[in-house]
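Just so we're aligned: 28 in the working numbering is position 28 of the sequence shown, and the numbers increase by one with no gaps anywhere.
Where is the CB? At the ideal position from N, CA and C, for every residue including glycine.
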Amino acid sequence: MAEITKDMTIGEILRANADVAPVLMAAGMHCLGCPSAQGETLEEAAMVHGLDIDELMNQIKAL
1 MAEITKDMTI GEILRANADV APVLMAAGMH CLGCPSAQGE TLEEAAMVHG
51 LDIDELMNQI KAL
């Protein structure tokens, strides 16, 4: 699996590893295919959704 970082866009992350999608969906990020997902970093999306980026990264790394 390619390394996932908080500076990657949601689109980049999903192209690198589609298995991350259920983690993001469970965290409340339901608009994975919308235009903002192509330009918004994981860290930015976490902030918008009120999520702890470190906890989210831990969940992704646990895959």
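DSSP beta-bridge partners for residue i?
| i | result |
| --- | --- |
| T9 | T41 |
Out of the options, which has the shortest C-alpha to C-alpha gap to residue i?
| i | options | result |
| --- | --- | --- |
| A37 | K6, I10, T5, D54 | I10 |
| T41 | M29, M8, A2, I4 | M8 |
| H30 | D52, A46, I4 | A46 |
From the DSSP output, in three-state form, read off residue i for me.
| i | result |
| --- | --- |
| L32 | coil |
| A27 | coil |
| A18 | helix |
| I53 | helix |
| A46 | helix |
| I4 | coil |
Beta-carbon separation of residue i and residue j under 7 Å?
| i | j | result |
| --- | --- | --- |
| G28 | H49 | yes |
| E43 | K6 | yes |
Hey, would you say the C-beta of residue i is under 6 Å away from at least one heavy atom of the ligand HEM?
| i | result |
| --- | --- |
| G50 | Among the components of this structure there are no ligands whatsoever, and the ligand HEM is therefore not found. |
With a cut-off of 7 Å, does the C-beta of residue i fall near any C-beta of chain C?
| i | result |
| --- | --- |
| L42 | Of the protein chains in the structure, only one exists, and it is not chain C. |
**OP:** Pair every Cβ in the stretch 49-60 with every Cβ in the stretch 11-27, then say whether three or more of these pairs are closer than 8 Å.
**Re:** yes
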